[in-house]
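Notes to accompany the following structure.
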Amino acid sequence: MRSEVQFKGIGLHSGKEAVVTLKPAKPDRGIVFYRVDLGRAVRIPALNRYVTETELSTTIGRHGVKIATIEHLMAAVWGMGIDNLKIEVSGPEIPILDGSSAPFVEMIERCGIAEQKALRQYYVITKTFSLREGGHFCAIEPHAGTKLTCSIEFNHPLIQKQLFHITLNEKNFSQEIAAARTFGFVKDIEMLRERGLIAGGSLENAIVLDDKKILNAEPLRFRDEFVRHKMLDSLGDLALFGMRILGHWVTHKAGHRLHADFCARLLKSGCGYISDLSHDNALPAHLYDEPLLQTA
């Protein structure tokens, strides 16, 4: 980013207010969170090995300090092509704002994205790797680009089976994925609040459904907004891999825990290699099935 930006709001699950400041970072620093409201700043890199909780959101932590619900912000940062960023958080949870990544994208676009004089690292997938738990699965296969496919199934007349796929770049992330909001069901609200979750949830920051319809005054932003939001979540979790992945990422009925398990196992799987895509580290010929994504 070219300049810093600050915003505040309440957390979806904690209901507590937090102030978040996004600041430019030098090349090769990665995405790093800092919890700054506890007397000393605690540094928590945005990497899968720091994931501590995955119930209805993704939480990272270090030295007993946590930052919850990072996935929508991470999806925006990764989807907009940002590799290095300092994120200062004064509170326990990233604000939910409208329940999507769109407000974060708007802030990033206002600040502008600076091109840095360093080669971006990629993890190039060379053979298929998958992880299945019952009817839920994640998989990745070779592809000369970053392609995402997500499918979901819910026993609700407005959702049922939905499938969405996209070959990712900054423009289509902003237009096709970022605005999709999180969602939940009236029948689950009491149970979730008894467990200390969704204390900050409302019709202003989530799509809420009864047995037949949505209760929000605002209509759906996409006909298939539900699966697009699940794709947004999966991208936010995939960003914790720490490198851009060149491959086709496929999820079916997957959640944050399965995403985290998959990323941890993928790195150890030997199904890819790290490259900066310079001339001496070009992709194998069999992966050139489409032009490489342009990098910022």
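Quick note: the sequence shown uses numbering that gives the first Met the number 0, first residue 0, plus one each step. For every residue, glycine included, the Cβ atom is placed at its ideal position computed from N, Cα and C.
- The C-alpha of I151 lies about 5 Å from the C-alpha of Q161.
- Exposure of T127 is indicated by the presence of fewer than 16 other C-beta atoms within 10 angstroms of its C-beta.
- Selection I107, R1 and R192 evaluated against H12 yields R192 as nearest (Cα-Cα).
- Excluding its 5 nearest sequence neighbours in each direction, G98 has C-beta neighbours in its own chain below 7 Å: R180, T181, N204 and A205, listed in chain order.
- Going by beta carbons, V88 and F32 fall inside the 8 Å limit.
- Around the beta carbon of I273, fewer than 16 other beta carbons sit within 10 angstroms, so the residue counts as exposed.
- For L237, the closest of F221, E217 and A263 by C-alpha to C-alpha distance is A263.
- By the criterion of at least three beta-carbon pairs nearer than 8 Å, the stretch 128 to 148 is not in contact with the stretch 215 to 226.
- Selection R243, G200 and A101 evaluated against Q174 yields A101 as nearest (Cα-Cα).
- A Cβ-Cβ separation of about 6 Å places L167 in contact with L147 under the 8 Å criterion.
- In the DSSP assignment, H247 falls outside any alpha helix (DSSP H) and within the unbroken beta strand (DSSP E) covering R243 to H251.
- Note that the stretch 206 to 220 does not touch the stretch 106 to 113; fewer than 3 beta-carbon pairs, one per stretch, sit closer than 8 Å.
- Cβ contact annotation for E52 (same chain, cutoff 6 Å, sequence separation greater than five): T58, in chain order.
- With 16 or more other CB atoms across the displayed protein chains lying within 10 angstroms of its CB, A17 is buried.
- In terms of CA proximity to D82, A117 leads the group V50, Y49, A117 and S2.
- Relative to V123, the option among W248, N154 and P44 whose CA is nearest is W248.
- From the listed residues A143, M230, K22 and G10, the smallest Cα separation to V4 is found for K22.
- In terms of CA proximity to L214, K186 leads the group H228, K186 and I43.
- Annotation: K211 is outside any alpha helix (DSSP H) and is labelled neither H nor E by DSSP.
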